[in-house]
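J.:
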Amino acid sequence: MDSAERIQAAAKFLLQSPPGEINDVLNDVRNIISDDDSLQEGVLPALQEYNLAQFIIADVPGSEHQSIISEAAKLDGDDNRFLDPRSKTSFRFDHLSLEASDAQPVEPDADAEPFRAALESSTLAYLNSHFHEGVASVFATPGSSSTFTIQVVANKYNPSNFWSGRWRSAYIVDLEAKTISGKILVNVHYYEQGNVQLETNHTLTVPLPPAITPANATASASKLLALIEEEEGKYQTSLNDAYTEMSEKTFKALRRALPLTRSKIDWDRVLGYKLGAELSASKGVFAES
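Counting from 582, one number per residue, gives the positions in the sequence shown under the numbering used here.
1) Go ahead and label residue 710 buried or exposed: buried means 16 or more other beta carbons lie within 10 angstroms of its beta carbon, across all protein chains shown.
2) Mind checking which residues open and close the alpha helix (DSSP H) that includes residue 772?
3) By Cβ distance below 6 Å, which residues in the same chain neighbour residue 802 in space, the five residues on each side in sequence not counted?
4) Verify whether the separation of the beta carbon atoms of residue 721 and residue 690 is less than 8 Å.
5) Sorted by chain position, which residues of the same chain lie with C-beta nearer than 6 Å to residue 684's C-beta, five sequence neighbours on each side aside?
6) Looking at residue 780: is its Cβ nearer than 8 Å to the Cβ of residue 768?
7) So, is residue 659 buried or exposed, given that buried needs 16 or more other C-beta atoms within 10 angstroms?
8) Going by the beta-carbon positions, is the gap between residue 757 and residue 727 smaller than 8 Å?
9) Between the Cα of residue 639 and the Cα atoms of 783, 696, 716 and 791, which residue gives the shortest distance?
10) Using a Cβ-Cβ cutoff of less than 7 Å, which residues in the same chain neighbour residue 603 once the five nearest sequence positions on both sides are dropped?
11) Exposed or buried, what is residue 605 when buried is set at 16 or more other beta-carbons lying within 10 Å of its beta-carbon?
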């Protein structure tokens, strides 16, 4: 395998990195490639794709909050410049160092901003209630005063207990079509004495009641977030039910309660067993089966 093929394989590994572990994966592939300059150039597109898809968060220069890096935040004409509608600024983002810089003021759309700001306020209130370490961004669609994007990401990294997780949700609010269309994605990685990953992808479409209108921005935004809260609550419940089903039925059906000898093995003493003697003593058991 030549250098180009190794870098291509490394890029695929990066795109599959579990939440919060991309630096570990990157350090591992550095040892394989042994050429930092070629690696950086070769995997940068994969890092950009990963950061956008995973809703990586950035500290907004000059502000005390964080903003989501995503396709919705990307400014036209510059792949490395992103909008933070909350502070009404744009900033340059380095996909390798994950640092934001060069903040510049941005003038929001005067027609869309009142409803966008109301949506943002309700989204942040919802975030504080359900995602204590979450980040949210609310965008107005360029050229439209009736279409908005709500994005939420919440990360939990617990390497000392060998697990990490990420919740992502994104919703497009269309006031003309009277719909919310969205997607919820959950990624969990557990790696103590094994390697188990959960990836879910749940899509939904919810009709908006007639009372939700731009003219009544504050009340409408509150009702919108109540609909999102209900849908996310139902999905969380379905995940919990699925885990209970797997734990109590599916996994139990995959294993025997006891081995064929009908006696439990003392695994702490297994190295001291005289296997020949044990097998001889068990002949009668196996002969009857």
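All C-beta atoms in this analysis are idealised placements derived from N, C-alpha and C, irrespective of residue type, glycine included. In this text, all values refer to a predicted model and were calculated from it rather than measured experimentally.
T.: According to the structure data:
1) With fewer than 16 Cβ atoms within 10 Å of its Cβ, residue 710 is classed as exposed.
2) For residue 772, no alpha helix (DSSP H) segment is defined, and its DSSP state is neither H nor E.
3) Only 699, 700 and 703 meet the Cβ criterion.
4) Inclusion of residue 721 and residue 690 in the CB contact set at 8 Å is warranted, their separation being smaller than that value.
5) For residue 684, the CB contacts under 6 Å within the same chain, skipping 5 residues up- and downstream, are 642, 643, 670 and 672 in chain order.
6) Yes. Within cutoff.
7) Flag for residue 659 reads exposed.
8) In contact: residue 757 and residue 727 (Cβ atoms closer than 8 Å).
9) Nearest of 783, 696, 716 and 791 to residue 639, Cα basis: 716.
10) Here residue 603 has 595 and 631 as same chain residues with Cβ atoms under 7 Å from its own Cβ, once five neighbours each way along the sequence are excluded.
11) Per the 10 Å Cβ criterion, exposed.
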